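Have a look at the structure below, then the notes.
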Amino acid sequence: MTEEERKEAFLADFKELENALLSIAKIKEEGHVSFSRALNTIYYSRLHPLLSDYENYDFLKTAADLRNILSHENDVCIPTEEYLKKFHALKEEIVHPLDCYDVATKKIQTCYEDDTLLSVTKRMAYASLSHLPIVDSENHVLGIFSRSTVFDYLSLNESFVYSPETKISTFAEVTGIHDHLNETFFFVGRYEKVYKVYSYLKQKAHEKNLGLLLVSEHGKENEKLLGVISLTDLMKGNQEE
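According to the working numbering, the stretch in the sequence shown is residues 187 to 427, in order.
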């Protein structure tokens, strides 16, 4: 893109984002409400998860300064392609937010309680998987088998002895959705917006790490599994914007 094309693309994105921020801020007063006023209202009132993040807030404050320079035909600075890509991605997340199902992996690899430990671990190693949902015949989630499951089970059952017939059901006390020792799993609805689930990533130091987000129709545990979202899926969704 030429400098003029980058300038025009930035100003167009900025205008679209400005309209969205004014809608979110809902400032009821006569006269023009500026982008910065709307942004500050959203940030300090915590009206939007993405805009409650200081890094995003600070980035958009700088963008407002850049817009003011460019809109006065003062081409002292022009956005780089990298800057434009970052601004566009954040704008898209706010203006056209993705649904969880949009970024989920839909061709889900799963396992059953009657599967053997050997067959499951081989499949995970071959496909470079860190987690496999354990499902029943109707694709309802019974638990999650992860790379740490055997370690967790051994820490609670020192007398465990492996055999080729050992089944996944053996590890039930540490594979339930809420039973993992160091990981946590959440169900989300297929139409829930991706930006809303970012809060699951901000775990406190004493809390468990996020393993997977499990997508069902309404985010209920008793519903069929429609997809899974890993941290990689979230990052890919962001890059595609």
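Note that CB positions come from ideal geometry on N, CA and C, so glycine has one too. Model, not experiment: these values are computed from the prediction.
How long is the line joining the alpha carbons of residue i and residue j, rounded to whole angstroms?
| i | j | result |
| --- | --- | --- |
| F200 | R253 | 8 Å |
| D419 | E190 | 34 Å |
| I255 | E393 | 45 Å |
| E351 | K382 | 43 Å |
| A290 | V219 | 38 Å |
| Y240 | E359 | 40 Å |
| L276 | D338 | 39 Å |
| A391 | H317 | With a pLDDT of 48 at A391, under the threshold of 50, the predicted position of this residue should be treated as unreliable, though the coordinate-derived value follows. Each residue's Cα considered, the two are about 22 Å apart. |
| S222 | G405 | 36 Å |
| T266 | E407 | 45 Å |
| S231 | H258 | 31 Å |
| K193 | K271 | 12 Å |
| D347 | Y312 | The residue you asked about is not Asp; residue 347 is Val in the sequence shown. Looking at the two C-alpha atoms, the distance is approximately 24 Å. |
| S416 | I280 | 21 Å |
| K308 | S238 | 43 Å |
| L315 | E369 | 15 Å |
| L396 | M310 | 19 Å |
| K212 | A224 | 8 Å |
| L236 | Y384 | 8 Å |
| R333 | G217 | 59 Å |
| I264 | T188 | 10 Å |
| E215 | D244 | 25 Å |
| V414 | D301 | 21 Å |
For residue i, collect the residues of the same chain with a Cβ closer than 7 Å to its Cβ; drop the 5 residues on either side in sequence, then sort them by chain order.
| i | result |
| --- | --- |
| A249 | F200 and F273 |
| I210 | I228, L233 and H234 |
| G362 | G329 |
| C297 | V306, L318, I320, F331 and I354 |
| E204 | F221 |
| E299 | I320, L328, K353, I354 and S355 |
| D251 | none |
| A206 | I280 and V281 |
| D365 | E359 |
Out of the options, which has the shortest C-alpha to C-alpha gap to residue i?
| i | options | result |
| --- | --- | --- |
| S323 | P265, V414, I294 and K410 | K410 |
| H294 | N408, S402 and K406 | The sequence shown places Ile at residue 294, not His. It is S402. |
| E268 | E369, G397 and F196 | F196 |
| H282 | E202, D365, G405 and L396 | E202 |
| L208 | K308, K193, N226 and E194 | N226 |
| K379 | I280, L284 and T188 | L284 |
| L342 | L367, N325 and E299 | L367 |
Output needed for residue i: all residues of its chain with C-beta closer than 6 Å, excluding positions within five of it in sequence on either side, in chain order.
| i | result |
| --- | --- |
| L303 | T352 |
| F357 | T335 and Y339 |
| N325 | K410 and L411 |
| L246 | L225 |
Using C-beta distances below 8 Å, list every residue in its chain close to residue i, excluding the 5 sequence neighbours before and after it, in chain order.
| i | result |
| --- | --- |
| L412 | Y287, A290, K292, R376, V401, S402 and E403 |
Grab the span of the alpha helix (DSSP H) containing residue i for me, first residue to last.
| i | result |
| --- | --- |
| T361 | A358 to T361 |
| F372 | First-last for F372: E369 to G375, but that is the beta strand (DSSP E), not the alpha helix (DSSP H). |
| F331 | Unbroken run through F331 is the beta strand (DSSP E), V327 to S332; no alpha helix (DSSP H). |
| V431 | Any property of residue 431 remains undetermined from this structure, which presents the chain solely from 187 to 427. |
| V289 | C286 to V289 |
Identify the continuous beta strand (DSSP E) that holds residue i and give its terminal residues.
| i | result |
| --- | --- |
| I320 | H317 to V321 |
| N205 | Run containing N205: none in the beta strand (DSSP E); it sits in the alpha helix (DSSP H), E189 to A211. |
When every heavy atom of the ligand GTP is checked, does at least one fall within less than 7 Å of the C-beta of residue i?
| i | result |
| --- | --- |
| M187 | Absence of the ligand GTP from the depicted structure is noted, as is the absence of any ligand whatsoever, leaving it without description. |
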